[in-house]
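Counting from 1 along the sequence shown, just add 11 to a position and that's the residue number in this note's numbering. A virtual CB, placed ideally from N, CA and C, is assigned to each residue, including glycine.
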Amino acid sequence: MSNAIDTTFYAYKERPVCGSTPTVVCCVADFIHRKGYDILFEAICLYKEKHDKNIQLIIAGRGTDSDAMQSLIHQNALDGIVEARGQVDREGVRSILYHSRCLMLATRGEVQPLVLLEAMSTGIPVVSTEVVPQCERIDGGCFIGQTDNAASLCAQLYKALHQPHFNGKAISAQVADMASYDSVGKQLSQLFERVHGTFKPHQALAQ
């Protein structure tokens, strides 16, 4: 069962036609080793060299506006390509998602990264790694690359951004069916009813 997200807040929004504006990718995650910013930057460098020299990356989260992050950006020659916004509130997260064509999370370890669901709820695909649980891997919306493998993630980013018949509205609807407050509430209610239906008070008392 998925955790719940506010699908009304992270509502679907149509993006401009591909090619009419610069390709903007985003990552919303704290600047810690587990989130894989080093691999993310390598993947963006590869994508820039192979596919799109005008790609842009917006990052947000605790520590993303730090001197250490700026040093990592400079080491990867991504000055002017990466925009670091630091920690933002949920309105800031939504604004970033609405200005992006894809969210990329090169994470090394997660339980259930809600930002992937939030991004897909707004109508964009996501690229992440093998640690993402199966329940979030929506076909056509979630693209999985190898953990700690920049080339693999670069390839998945290309696939995500070049789907001939991508339907962001349908992806958003699938997220709502799975992870909206109403949907998760109904799933919990059904689970409770099943458990309650199999519970026999006289057996419990006999024990």
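From residue i to residue j, what does the alpha carbon distance come to, in whole angstroms?
i, j, result
"Gln167", "Val35", "15 angstroms"
"Ala130", "Val137", "7 angstroms"
"Phe52", "Pro33", "18 angstroms"
"Met12", "Leu127", "Below a pLDDT of 50, predicted positions are generally treated as unreliable, and Met12, at 49, falls in that range; the measurement from the model is reported next regardless. Distance between the alpha carbons of Met12 and Leu127: 15 angstroms."
"Val143", "Phe154", "10 angstroms"
"Ile92", "Ile70", "11 angstroms"
"Thr238", "Gln86", "No answer is possible for residue 238: it lies beyond the span of the chain, which begins at 12 and ends at 218."
"Ile16", "Ala88", "36 angstroms"
"Arg119", "Cys37", "17 angstroms"
"Lys59", "Gly152", "22 angstroms"
May I ask you to report which of helix, strand or coil DSSP gives residue i?
i, result
"Ile149", "coil"
"Leu125", "helix"
"Phe42", "coil"
"Val28", "coil"
"Leu172", "helix"
"Ile84", "helix"
"Asp49", "helix"
"Asp78", "helix"
"Thr19", "coil"
"Ser108", "In the sequence on display, residue 108 carries Leu and not Ser. Leu108: helix per DSSP, three-state reduction."
"Ser183", "helix"
"Ala191", "A small fix is needed here, since residue 191 is Ser in this sequence, not Ala. Ser191 falls in the coil class under three-state DSSP."
"Leu164", "helix"
"Glu60", "helix"
Tell me residue i's beta-bridge partners as DSSP assigns them.
i, result
"Ile155", "Ser139"
"Ala95", "Ile70"
"Met115", "Val138"
"Val35", "Gln67"
Assuming residue i contacts residue j (C-beta within less than 8 angstroms), just tell me the rounded distance between them.
i, j, result
"Leu68", "Ala161", "Actually they are not in contact, since the Cβ atoms of Leu68 and Ala161 sit about 13 angstroms apart, beyond 8 angstroms."
"Gly179", "Ile135", "6 angstroms"
"Thr18", "Val186", "6 angstroms"
"Leu172", "Arg112", "6 angstroms"
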